[in-house]
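Engineer:
Residue numbers (my numbering): 1 to 76.
(1) Considering residue 58, what are the terminal residues of the alpha helix (DSSP H) in which it resides?
(2) Measuring only between beta-carbons, confirm whether residue 2 sits less than 7 angstroms from chain D.
(3) Helix or strand or just coil, what does DSSP make of residue 72?
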């Protein structure tokens with residue numbers, strides 16, 4: 001084989017390797033890959049309760065602040 005056919009083969013292989021397999025794979029009526037492959041409003045974890053049965057480590061009410069304010073005034 002000559003040099004010109006090898007160069008041509010290398011160029012063809014390089015161009016073929018640079019094409020995306022997603023370009024010709026439409027899904028559902030829209031383009032493939034991530035471009036437009038979803039509805040207008042994306043609803044993630046709809047109806048999920050992410051903190052179900054999570055123990056509450058923080059008290060439901062904050063501690064009284066009167067003693068903290070008094071300590072702050074006395075320290076100045």
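For every residue, glycine included, the Cβ atom is placed at its ideal position computed from N, Cα and C. Values in this document were obtained by computation on a predicted structure and should not be read as measured data.
Structural biologist: Once the coordinates are examined:
(1) Premise fails: residue 58 is in no alpha helix (DSSP H) and is neither H nor E.
(2) Looking at the structure shown, chain D is missing, and only one protein chain is on hand.
(3) helix
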